[in-house]
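>
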Amino acid sequence: MKRSAIILIIVFLIVFQAAARVTVSSAEEQPAAKDIVSKSAETDKIPGWSAKVVMRLVPKGGSERVRESLIFSKLRPNGADMHRLVQFISPADISGSNILIHEHKEGNDDIWIYLPSVKKVRRLLANGKKESFMGTDFSYTDITTPKVDDYAHTLLRRETVNDAPCYVIESVPKTEETRRDTGYSKTVNWIRTDNYARVKSEIHDLSGGLFKLMQVLSLKEVDGGRGKWLMEKVEMRNLRSGHSTLLTFTNIETNKEINDRLFAPGRLDREN
Amino acid sequence: MRRYIEWVIGQRILVLTAVAIITVVLGFAAARVKIDINRKTQLPQDHPLIKIENRISDLFGGARITAITINPKQGDIYQPTLLAKIRRITDAVDALPGVVHHNVLSISAIRAKAITGNADGMIVQPLMQEVPVTQADITDMKKRISGQTFYTPLLVSRDGAAAAILADFYETDDDPMPNPVIHRRLQEIVDREADETVEFHITGMPIWLSYLDNYARKMPWYLLAAVLIIGLIHYEAFRTVQAMLLPLVTAVLSVVWSLGWLGVIGLPMDTWNSMTPILVLAVAAGHAVQILKRYYEEYEKTGDNRAAVVEAVVKVGNAMILAGIIAACGFLSLLLFDVRTVRVFGLVTAGGILSALFLEMTFIPAIRSMLPPPGKRDREKQRASFLDRSVEWLAHTVPARTRTVLAAGALVVLLSVAGATRIVVNDSFNAAMPEGHPYHNAEKVMNRLFGGANTMSILVDSREIDGIKRPDVLRAMDGLQDFLKNQDHVGAAQSIADYVKRMNQAMHNDDPRYNAVPDDRAMIGQYLLLYGFSGGPDDFDMVVDKDYRNAVLRVFTKNDDDRTMRELFRKTEEKAAELFPGDVTVSVAGGTIATALGLSETVVKQKIINICQVLIIIFAFGSLVFRSLFAGLLVMLPSTAAMVVSLGAMGILGIPLSLGTATTSALTVSIGADYAVYVLYRFREEARNDDDIKIQAQRVLMSTGKAVFYVSSAIAAGFAILVPTGLSYYRQLGGLVSTSMVLSSLAAVTLLPALVVRFKPGFITQLSGQAAGVNGFAEKRMGVSLAPENAVSTTHIRKEPEL
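Chains as they are written, first to last, in the numbering used here: chain A, 1 to 272; chain B, 273 to 1075.
#1: Under 7 Å Cβ to Cβ from K587 (chain B), same chain only, skipping five residues before and after it: list those, please.
#2: Based on the DSSP secondary-structure assignment, which residues constitute the bridge partners of M55 (chain A)?
#3: May I ask you to report which of helix, strand or coil DSSP gives F812 (chain B)?
#4: Does the CB of H374 (chain B) have a neighbour CB from chain A at under 8 Å?
#5: Once you ignore the five residues that flank W533 (chain B) on each side, which residues in its own chain have a CB closer than 6 Å to its CB?
#6: Touch check for the region 473-485 of chain B and the region 705-721 of chain B: three-plus C-beta pairs under 8 Å?
#7: CA-CA distance, R771 (chain B) and D782 (chain B)?
#8: Check R612 (chain B) in the structure and name its three-state DSSP category.
#9: Consider the Cβ of D269 (chain A): report whether some Cβ of chain B lies at a distance smaller than 8 Å.
#10: Is there contact here, the region 312-328 of chain B with the region 868-879 of chain B, by at least three beta-carbon pairs under 8 Å?
#11: What are the residues in the region 45-56 of chain A lying within 8 Å of chain B by C-beta distance?
#12: Is it buried or exposed, M214 (chain A), if we count other Cβ atoms within 10 angstroms and call 16 or more buried?
#13: Kindly say whether L247 (chain A), judged by its beta-carbon, lies nearer than 8 Å to any beta-carbon of chain B.
#14: Answer with yes or no whether the minimum CB distance from Q798 (chain B) to chain A is below 8 Å.
#15: Within 10 Å of its beta-carbon, does L286 (chain B) have 16 or more other beta-carbons around it, so buried, or fewer, so exposed?
#16: Which residue spans inside the region 768-837 of chain B form an unbroken alpha helix (DSSP H) run of at least 4?
#17: Count Cβ pairs between the region 720-735 of chain B and the region 329-344 of chain B that sit closer than 8 Å; are there 3 or more?
#18: Can you look up Y184 (chain A) in the DSSP assignment and give me helix, strand or coil?
#19: At what residues does the alpha helix (DSSP H) containing D274 (chain A) begin and finish?
#20: Let me check understanding here. Comparing Cα to Cα, which of B:A439, B:E468, B:E443, B:K357 lies closest to R457 (chain B)?
#21: Could you please give the first and the last residue of the uninterrupted alpha helix (DSSP H) stretch that includes T341 (chain B)?
#22: What residues in the region 775-804 of chain B bring their beta carbon closer than 7 Å to a beta carbon of chain A?
#23: Mind checking the region 737-758 of chain B against chain A and listing, in chain order, the residues whose C-beta falls within less than 9 Å of any C-beta there?
#24: Assign P928 (chain B) to one of two classes, buried (16 or more other C-beta atoms within 10 Å of its C-beta) or exposed (fewer than that).
#25: Mind checking the region 470-495 of chain B against chain A and listing, in chain order, the residues whose C-beta falls within less than 7 Å of any C-beta there?
#26: Can you tell me whether T23 (chain A) is helix, strand or coil according to DSSP?
#27: Since N451 (chain B) is in the alpha helix (DSSP H), which residue starts that stretch and which ends it?
#28: Could you name the residues of chain A that M814 (chain B) contacts, counting a contact when the two beta carbons are closer than 7 Å?
#29: Select from A:V148, A:P165, A:D194 the residue whose C-alpha is nearest the C-alpha of P173 (chain A).
#30: Below 8 Å on the Cβ atoms is my guess for L525 (chain B) versus L631 (chain B); work out the distance and round it to an integer in Å.
#31: Assign M273 (chain B) to buried or exposed, taking buried as 16 or more other Cβ atoms, counted over all protein chains shown, within 10 Å of its Cβ.
#32: Just the chain A side, please: which residues come within less than 8 Å of A367 (chain B) by C-beta, in chain order?
#33: Assign E572 (chain B) to one of three DSSP states: helix, strand, or coil.
#34: Would you check if the region 821-840 of chain B and the region 891-903 of chain B touch, i.e. whether three or more CB-CB distances between them fall below 8 Å?
#35: When the Cα atoms are used, what is the spatial distance from V528 (chain B) to V581 (chain B)?
#36: Quick one: does P404 (chain B) have its CB under 8 Å from some CB of chain A?
Structure below.
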C-alpha cells in the first residue's frame, strides 16, 4: 500500500511537472516569436563589410546568366539602415556600372546608378518593395531587413533544417498597406535556435499560394564571435515561373573601415 | 465461297454469338477511346513553319494565347469600377493552372511597366500599381499608358474605349488545361465580372479549338440523324423494314468495331476525325445494300430464302471484297501522312470498311437466314420506288445513246478541268465558324479595336549570347517592325527594340528625339540592367530569351487568310534579308497564322499525293483482278470523273481547296471505286448470260445500277446532314461528299456502261456464251423476266447500229 502510494505520488509529480513545462513553454514561446525575429534581424547588422558576389540567374530549363560584382555595405549610425554599393565586374556590357542604395527605415530607399556609357549618375526611383531587385528573383523586401513591428509573428513549431534546429515562425503583415507594399500575404521563416540566422523562408503571394522559396545554403560567422552571421550562398526560387537566383558571396571582409565617401552619390562615377 | 457461306448459315448461332462477343469487347474498347484535343500532336511536325512555331513557343511561350476584351457600354476604360474589374480578371487569370505567367499581359499585369524619364534618369513603374480612385490618379495612369507605344493597341484600344487581357497557357503532354477547360475557366472569370455596364469577348486559338470541340461533341447526334436518313433512303428503295434495318445494323456495328480497334491500338480520336464515323456508316451501309439488293433478286428467282442468301453472297461477295479491299488500301495509305489526325482517319475508315466486309460475310447471311423472307406485298411495293423509275429510264437511255452520253460526259469533264485550273489553295480558321457565332463577334472586336486576333511571330537568332543587344540587330528588328506595321492586315507589332528605344528616350529626359536604338552595345546592356532595378526578371520573357541570344517579333494581324498571309510572309522574308546582318538568322514565321498555314499546306499537299496514291491502288487492283489495264482505267473512271467535276465546281464557285475540302477528294476517290467494281463484276456476270452487250448493260443498270443509286443516295443523304451544322469544315465536307457521291454514282451508271458498250472490252466480252447449262438461253431470259426490275421488257430497247 505504502509502495503503491509512493509510485502514485512519483507518477503524479512527473505528470504535473510535464504539464507545467508545457504550460510554461507555450506561455513563454508565444511572445518569444517576436523576440526571435528581432534577434534574427540583428544577426547581419554588421558595421561594415565587403564581398565579391556572383549572381546566377537560372531560368527554368534555360542556361544560366552570371553577373559578378563587388559589394560594400555600411551600417548607419541609427543602427537600422544600411548603405550599400554594388560595383559590377562582368559581363562586359555592364562592367563599370555602379549601384548605390541608401536604405531608409521609413519611406522608400534612395537608389543611384552610374552607367559608364551614359557617364552620368542617375537617380532611380524605387517603386515599391515587391519589385524585383536588380532583375533577380529577390524583391526589395527579400533583401532588406524586415520591420519587425509591421508583422504579427507566431511560433508554429520547431524543426530541423540541414541538421540545425530551427524555430518555424509565421509572419503575417498587420496592415493591408504592408501586404500591398510587400506583395506577400505571409512569410514562414526557419530561424536557427543557436544563432538566430534565418536559413529558409516560404513566401506566400497575396492569394495565399506558395510563391517563392528561399534557402540559405551556406552561412559564415563574422565579426569575431559577436553573434553576427552572413550568408555565403543563398538561393531564391520562384515556384510559379521556375526561375531561380543563386547568390554566392566570397572574399567576405568585415571589421573593415569603409570610408563614408564611398556611399556619396556625387562620387559614384569616380569609384570605377 | 458457296461452301463457306453454307457453313456460315449452318453455324449461324455460333457466328451470331461470336459477332455479339466481338461487338461487346470492341464496344468497351470504343468507349475507352480518348478524345485528343492537344493541338501539338495534330500538327505536321516536319513542316518548316511548324518547326519555327515550336522553337518560338519553347523559347517564349505564346503557343496558346487567348485574349479577353472588355468594353464598357459607356465611356472609356478609365473608370475605377472598370479598372478594378481588369485588375481582378488579370489576377484570376494569372492564378490559373498551366498559365504562362510572363505572357499574362494587361494594363494591370505586374510585368506591364511604364518606362518614363526625367532629368534624373529612367523611371520604371507598373502601368497600374493600385486601382486608381481619384481623377488625378486616373489622369496619371492614362499618361503612363499613352507614353508607351507598345501597349496601344495591344492592351488598350487607340481610343481607350476597350482593354484586352492576354493570357498564354503551356502546352504539355499531360495538359492540365485542355482548350475547352481554358475556355470554361476564362468564361467563369468573365462571368463573375459581367454586368450591364460592360461587354466581354474571349478569343484566341484555344477558344477556337474549344468551339471546334463543341461541334465535334455534337457528332453523335449527327450520327444518329445520318442513321435515320440512311434508314429512310433504304426504306424508300426496298420498302421493307428488314431492308431498312439490316444495312443499318451492319453500319452501326462497323462504326463500333472501327472505334473499338482504335481503342485496342490505343490511339486517340481527335476533333478533326469526329465526322469519320459518318463515313464508315455510309460506306458500310453501301456494301450492305449491294448484298441486300442481290438477295432480293435471287429470292425473286428462286423463292427460297436460304438459297437466296447463299447466291447473293456468292455472286456479290467477290465484288464486295475487292471493292472493300481497294477502299481499305486507299485509306490505309493515309498512314504515310505526317499529320496524326490524318493517320487516325485512315485507320478508322479502313477498319470500318474491313469490319463491314467481315460482318456482311458472317453476321448478315447468318441473321438473314433466320429472318422470314420478304412477303409478296413487300416485293410489290418495291416496284413503286422513285429511284427504280429513274434507273429504269437510264437503263433504256444509256446503252442506246452511248455517243450522246459520252459526249455529254466529256463536255462536263472538260468544263470541269477548265474550272479546276482556277482552283485556289486557301484556308481561314476564323472563317470556319458561322456568321454570328460568338467567336466571330470576339474576333471582330479584336480586329476593330486591337491589333488583331491572329499572331505571326518572327524568330531572330543572333547566334551569340547577348547578340540581341547589338545595335545593328535591334535596329533591324525595329525596321522590320515599322515595315510590318505599314502592311495591310497588320494591327500591331511588338519586340524588345520597342523597350530599348523607350529606355533611351527616358534616359534622355524623355526627349522623343531619342526614341531610337542607341549606337553603343554596352549602353543597351546598361539600360537593361537599369531597367532590371525596377522591372521584374520576367518582364521581357515574352520577347527575348534570358541569354539575349534569341528574340521574337510578335505581330498581330486582322486576317488569317492563307493567301494573304503567305504573301505577307514572303514580303517579310525579303525585308528581313535586306535589313538584318548576315550572321543573324531570321525565321518567318510562327504564331497562329503559321500554324494554320503549315497545317493546311501539309494536309492539302498530302491529300493530293493521297489521291494519286489511291488512284494508283485502284488502277493496280482493278487491272489485276480483271486482268486488263482497260478495266483498271474503268474502275478509276467514276471516282476520277466525280473528283474532276467537284474540283471544277469548286474552281468555278470560288470554293478554295482547304483542310475541309481536300479531305473530301480523297474520300470520293476511295468510295467511287466501289461502284465501278460492282458494275464491272455484274457486267461479267451478265456477259455469261447474254451476248448482246446492250442487254447486258441494261440488266447491269437495272440491278447493280439501282443498288449503286441506293448506296450513293444513302451516303449523300448521310453526309448532307452536315450541311446545316454551321461549321464550314463540316458544311463543305457534307456538301462536297454528297455532291461527289451523286456524281460518281451517275458516272458509274452512265459513262461506265456507255464506255463498256462502246469499247466492248475483252475482259467482259470474252465471257459471252460461257453460261452453264443447255438451257442457258431460256434461263437467262427467265432471269430477266422474273426480276422485278425488268418490268420493262428488253424488247423495248431500240437497237442502234454498232459504230
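Each residue gets a CB set at the ideal place from its N, CA and C atoms; glycine is no exception.
By the coordinates alone:
#1: The residues are R566, E957.
#2: Looking at the DSSP output, M55 (chain A) sits in a beta bridge with A:R67, A:L247.
#3: Assignment of F812 (chain B) by DSSP, reduced to helix, strand and coil, places it in the coil class.
#4: Answer yes: the Cβ-Cβ gap between H374 (chain B) and chain A drops below 8 Å somewhere.
#5: Cβ contact annotation for W533 (chain B) (same chain, cutoff 6 Å, sequence separation greater than five): G623, in chain order.
#6: Counting C-beta pairs with one atom in each stretch, the region 473-485 of chain B and the region 705-721 of chain B have three or more that are closer than 8 Å, which means they touch.
#7: The identity of residue 771 (chain B) in the sequence shown is Tyr, whereas the question assumes Arg. The alpha-carbon separation between Y771 (chain B) and D782 (chain B) amounts to approximately 13 Å.
#8: R612 (chain B) carries a helical assignment under DSSP once its states are collapsed to helix, strand and coil.
#9: No, its Cβ sits nowhere closer than 8 Å to a Cβ of chain B.
#10: Segments in contact, yes.
#11: Of all residues in the region 45-56 of chain A, none has a Cβ within less than 8 Å of some Cβ in chain B.
#12: By the neighbour-count rule (16 or more Cβ atoms within 10 Å), M214 (chain A) is buried.
#13: Residue-level contact check: L247 (chain A) does not touch chain B, since none of the beta carbons of chain B fall below 8 Å from its beta carbon.
#14: By this cut-off, Q798 (chain B) is an interface position.
#15: Under this definition L286 (chain B) is an exposed residue.
#16: The qualifying runs are 768-779, 793-804.
#17: In this structure the region 720-735 of chain B lies against the region 329-344 of chain B, because at least three pairs of beta carbons, one per stretch, are closer than 8 Å.
#18: DSSP places Y184 (chain A) in strand when its eight states are reduced to three.
#19: As shown, chain A starts at 1 and ends at 272. That puts residue 274 (chain A) outside it, with no answer to give.
#20: Considering only alpha carbons, the answer is B:A439.
#21: Membership of T341 (chain B) in any alpha helix (DSSP H) is not indicated; the residue belongs instead to the beta strand (DSSP E) covering 337-344.
#22: Residues of the region 775-804 of chain B that bring their beta carbon within less than 7 Å of a beta carbon in chain A comprise M779, D792, R793, A794, M795, G797, Q798, L801, L802, G804, in sequence order.
#23: Per Cβ criterion, the list reads I737, D738, K741.
#24: Answer is buried; the Cβ neighbour count reaches 16.
#25: For the region 470-495 of chain B, the beta-carbon criterion of a distance under 7 Å to any beta-carbon of chain A is satisfied by none of its residues.
#26: Because T23 (chain A) sits at a pLDDT of 38, beneath the cut-off of 50, its placement in the model cannot be relied upon, and the following sentence gives the value as read from the coordinates. The DSSP-derived three-state label of T23 (chain A) is helix.
#27: 451-465 is the extent of the alpha helix (DSSP H) around N451 (chain B).
#28: Residues of chain A passing the Cβ test: none, with the nearest at roughly 12 Å.
#29: Comparing C-alpha distances from P173 (chain A) to each of A:V148, A:P165, A:D194 shows the shortest one belongs to A:V148.
#30: Contact holds; Cβ gap of about 6 Å.
#31: With fewer than 16 other beta carbons inside 10 angstroms of its own, M273 (chain B) counts as exposed.
#32: The answer, in chain order, is S207, G209.
#33: DSSP places E572 (chain B) in helix when its eight states are reduced to three.
#34: Cβ pair count under 8 Å is below three, so no.
#35: The alpha-carbon separation between V528 (chain B) and V581 (chain B) amounts to approximately 25 Å.
#36: No - not a single Cβ of chain A is within 8 Å of the one on P404 (chain B).
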